[in-house]
Amino acid sequence: MGPLMSFTGRERKVISPRSVRRALSARPSTDLGTDLKIVRRVGASPRERGSASGQTCPDIFELSDGNFAVIGTEATADLDGELPPDAARAEYERIVVISRETLVRAKADIPDA
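Add 553 to a position in the sequence shown, counting from 1, and you land on the number used in the numbering used here.
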């Protein structure tokens, strides 16, 4: 496999075959199946962060397979062109925005390794 070119609208860069293989192997399964479960919330609940209803707020969850799920505002169209040159997004990935408070309040619950 030879190098691939990535065009972001402002610049182009060469993506090495090694980078492509690494990115493809890191892709989470899109076939989540029925075994995948939310194990716990990471950080404070929306109500604890001051949401009046405790609903429709950003949130972070740890999943039974060790990955994390994030509820946030979908912002791919607005931010895709703003990604730095060393960042890339696969077609099946989305850029999601969560509030600073959501992540800061989750920091203590995020494992080091």
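In this text, a Cβ means the ideal position worked out from N, Cα and C, and glycines have one as well.
Going by C-alpha to C-alpha distance, which of the options sits closest to residue i?
{"i": "Asn-620", "options": "Ala-661, Arg-593, Ala-641 and Leu-656", "result": "Arg-593"}
In chain order, what residues of the same chain have a beta carbon less than 8 Å from the beta carbon of residue i, not counting five sequence neighbours either side?
{"i": "Val-595", "result": "Ile-613, Phe-614, Glu-615, Phe-621, Ala-659, Asp-662 and Ile-663"}
{"i": "Glu-654", "result": "Arg-602"}
State the Cα-Cα distance for the pair residue i and residue j, rounded to the nearest angstrom.
{"i": "Glu-564", "j": "Val-650", "result": "Summary for Glu-564: the model assigns pLDDT 47, below 50, so the residue's position carries little reliability, and this model does not support an answer."}
{"i": "Ile-648", "j": "Val-623", "result": "11 Å"}
{"i": "Ser-604", "j": "Glu-627", "result": "19 Å"}
{"i": "Asp-618", "j": "Pro-638", "result": "30 Å"}
{"i": "Asp-665", "j": "Val-657", "result": "15 Å"}
{"i": "Leu-636", "j": "Gly-625", "result": "18 Å"}
Looking only at its chain, what residues have a beta carbon closer than 6 Å to the beta carbon of residue i, apart from the 5 residues adjacent to it on each side?
{"i": "Ile-610", "result": "According to the sequence displayed, residue 610 carries Cys and not Ile. Around Cys-610: Pro-599 and Ser-604."}
Considering only residues of the same chain and omitting the five flanking positions on each side of residue i, which have a CB-CB separation below 7 Å?
{"i": "Arg-652", "result": "According to the sequence provided, residue 652 is Ser. The question's Arg does not apply to it. The residues are Pro-611."}
Do the segment 630-638 and the segment 587-604 make contact, defined as three or more Cβ pairs closer than 8 Å? no
Hey, which unbroken runs of the alpha helix (DSSP H) at 4 residues or more fall wholly within the segment 582-657? 629-632
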